[in-house]
């Protein structure tokens, strides 16, 4: 049994995930290997201590401050707006498709061949909205904002000496991409990430490239309004 | 009276019932605050993150996919906000004394107090990526499945990160003579 397999057994024991066969295997290993037994005991003690940290009660003003601030926000604004917007958009698309079909069939006749439909499919290809070169520190590459039929997406082509995390932040929306460059060979990473909920409203999309908590580089993309 | 479950409350929120969201705040303010507190180890920052988490959840309820558990989504926002807050912090090098401002309660004895202090210090010395899974598993007491859903990672990756976190913490505590 390899070291990794022995460690996996210990962690499974700590998580209470051992089968009876695995439990017996681990017991045998611990019996003949005092070092492994010491390691297991230390990890067990560590987990007990972590569990003992427990949770503290938040101060009562937390709830009050959240509820007070919620009162100043209109009720579920994005839901109502987005729902109406989606239905309107869907209705418009359906209307246009219907009108287009009628016009097409009137002028060209029905049942277009595959060559005629190819142009329609091409319209779904992503278009570049903004792009910026990355530089500074040990990171180079390019960040690109795309738009396709599903909305906005962020493309990152990054050359980096060590894996980096990327914080993507825009108005009311932020998330973190972990370990960019880790699985890719020679520190070169190419990642495309969808940005659901990010609209084309003229806002900036801030990118921060980090190693641990150290910022290596920053970049800004813009999603112009009405693009 | 029977407590409504999360999906029912979320549905009511989406229909415009503000009180339903207040129920969710009351239900989850403690775990969200504690996750932020252990990620940041600063009470004021944790309060800010908890507040922002709920406001963002409310504002972006339209983006929430009911196929996932509501609390997973909420934890994801809280973790992202905590990581953003960490990234915006000025580099401090060694932890200063003021950073450890979440003092233990009076029920902890001196020895237990020291041991917990040591492990809280060690938690802040491992990478935020590893700290995230350790906090979600051991402080928030989430299952691997829940953590994977909240972080958008495969369960296998979560396990591997948690194992690394435990081993780094153990190495750190050994170096400090706290184990």
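Protein chains in written order, with the working numbering: chain A, 1 to 227; chain B, 1001 to 1179.
The beta-carbon is built from N, C-alpha and C at its ideal position, and this holds for glycine as well.
Assigned secondary structure, residue i (DSSP; H/G/I helix, E/B strand, else coil)
i: residue 55(A); result: coil
i: residue 1060(B); result: coil
i: residue 65(A); result: helix
i: residue 209(A); result: strand
i: residue 150(A); result: coil
i: residue 165(A); result: strand
i: residue 1163(B); result: helix
i: residue 35(A); result: helix
i: residue 1068(B); result: coil
i: residue 1053(B); result: helix
i: residue 1153(B); result: coil
i: residue 1120(B); result: helix
i: residue 1017(B); result: coil
i: residue 178(A); result: strand
i: residue 1132(B); result: helix
i: residue 1044(B); result: helix
i: residue 1006(B); result: helix
i: residue 217(A); result: strand
i: residue 130(A); result: strand
i: residue 1126(B); result: coil
i: residue 159(A); result: strand
i: residue 141(A); result: strand
i: residue 203(A); result: strand
i: residue 1025(B); result: helix
i: residue 1094(B); result: Model confidence at residue 1094(B) stands at a pLDDT of 42, short of 50, so the residue's coordinates are unreliable and nothing is read from them.
i: residue 198(A); result: coil
i: residue 15(A); result: coil
i: residue 1089(B); result: coil
i: residue 1032(B); result: helix
i: residue 73(A); result: coil
Candidates the options, of which the one nearest residue i by Cα
i: residue 1053(B); options: 54(A), 53(A), 63(A), 51(A); result: 63(A)
i: residue 1004(B); options: 1015(B), 1125(B), 1016(B), 1023(B); result: 1023(B)
i: residue 165(A); options: 178(A), 153(A), 36(A), 73(A); result: 178(A)
i: residue 1049(B); options: 1018(B), 1008(B), 1084(B), 1007(B); result: 1084(B)
i: residue 189(A); options: 195(A), 29(A), 218(A), 156(A); result: 156(A)
i: residue 1132(B); options: 1163(B), 1114(B), 1115(B); result: 1163(B)
i: residue 218(A); options: 1088(B), 1124(B), 1080(B); result: 1088(B)
i: residue 149(A); options: 127(A), 21(A), 32(A); result: 127(A)
i: residue 8(A); options: 225(A), 141(A), 176(A), 40(A); result: 40(A)
i: residue 198(A); options: 145(A), 215(A), 65(A), 138(A); result: 145(A)
i: residue 1159(B); options: 1169(B), 1152(B), 1148(B); result: 1148(B)
i: residue 1165(B); options: 1176(B), 1153(B), 1122(B); result: 1122(B)
i: residue 70(A); options: 1175(B), 1066(B), 1140(B), 1051(B); result: 1051(B)
i: residue 167(A); options: 1157(B), 1140(B), 1129(B), 1172(B); result: 1129(B)
i: residue 161(A); options: 153(A), 225(A), 139(A), 176(A); result: 139(A)
i: residue 60(A); options: 1062(B), 1063(B), 1047(B); result: 1047(B)
i: residue 211(A); options: 220(A), 176(A), 200(A); result: 176(A)
i: residue 1037(B); options: 195(A), 56(A), 12(A), 11(A); result: 56(A)
i: residue 54(A); options: 1171(B), 1006(B), 1139(B), 1168(B); result: 1139(B)
i: residue 1171(B); options: 1125(B), 1020(B), 1152(B); result: 1125(B)
i: residue 1034(B); options: 1080(B), 1135(B), 1168(B); result: 1135(B)
i: residue 1026(B); options: 1041(B), 1040(B), 1009(B); result: 1009(B)
i: residue 195(A); options: 159(A), 214(A), 153(A), 221(A); result: 153(A)
i: residue 1150(B); options: 1028(B), 1177(B), 1080(B); result: 1080(B)
i: residue 58(A); options: 1082(B), 1044(B), 1007(B); result: 1044(B)
Residue i Cβ short of 8 Å to the ligand HEM heavy atom set
i: residue 1159(B); result: Annotation note on the ligand HEM: not contained in the displayed structure, which lists no ligands.
Per-residue contacts from residue i into chain C (C-beta, under 8 Å)
i: residue 69(A); result: Annotation note: the requested chain C is absent from the structure, which comprises protein chains A and B.
- Residues of the segment 39-64 of chain A with a CB closer than 9 Å to any CB of chain B: list them in chain order, please. Of all residues in the segment 39-64 of chain A, only 39, 42, 43, 45, 46, 47, 49, 50, 51, 52, 53, 54, 55, 56, 57, 58, 59, 61, 62, 63 place a beta-carbon less than 9 Å from a beta-carbon of chain B.
- Query: Between the segment 1045-1075 of chain B and chain A, which residues of the former have a C-beta closer than 7 Å to a C-beta of the latter?
  - Reply: Going along the segment 1045-1075 of chain B in chain order, one finds 1047, 1050, 1051, 1054, 1055, 1056, 1058, 1059, 1060, 1061, 1062, 1063 with a Cβ nearer than 7 Å to chain A.
- Task: Would you be able to state if there are at least three C-beta pairs under 8 Å between the segment 1051-1058 of chain B and the segment 1070-1090 of chain B?
- Result: Taking one beta carbon from each stretch, the segment 1070-1090 of chain B and the segment 1051-1058 of chain B have 3 or more pairs nearer than 8 Å; the two touch.
- Looking at chain B, which residues of the segment 9-43 of chain A have a Cβ within less than 7 Å of any of its Cβ atoms? Here the close residues are 11, 42, 43.
- Message: Which residues of the segment 1157-1176 of chain B have a Cβ closer than 8 Å to any Cβ of chain A? Give them in chain order.
- Response: For the segment 1157-1176 of chain B, residues whose beta-carbon sits nearer than 8 Å to a beta-carbon of chain A comprise 1159, 1162, 1163, 1166, 1167, 1169, 1170, 1173, 1174.
- Message: To be precise: take each residue of the segment 1003-1023 of chain B, compare its Cβ to all Cβ atoms of chain A, and keep it if any distance is under 7 Å. Which residues remain?
- Response: The residues in question are 1013, 1014, 1016, 1018, 1021, 1022.
- Assess, as a yes-or-no matter, whether the segment 191-207 of chain A is touched by the segment 1007-1020 of chain B under the definition of 3 or more beta carbon pairs within less than 8 Å. These segments do not touch.
- Message: For the segment 144-155 of chain A, list every residue whose C-beta sits within 7 Å of some C-beta in chain B, in sequence order.
- Response: Identification of residues in the segment 144-155 of chain A having a C-beta nearer than 7 Å to some C-beta of chain B yields an empty set.
- Assess, as a yes-or-no matter, whether the segment 1114-1123 of chain B is touched by the segment 48-62 of chain A under the definition of 3 or more beta carbon pairs within less than 8 Å. Touching, per the Cβ criterion.
- Check distances from the C-beta atoms of the segment 1027-1041 of chain B to those of chain A and list, in chain order, the residues that come in under 8 Å. For the segment 1027-1041 of chain B, which is checked against every Cβ of chain A, the residues closer than 8 Å are 1029, 1030, 1031, 1033, 1034, 1037, 1038.
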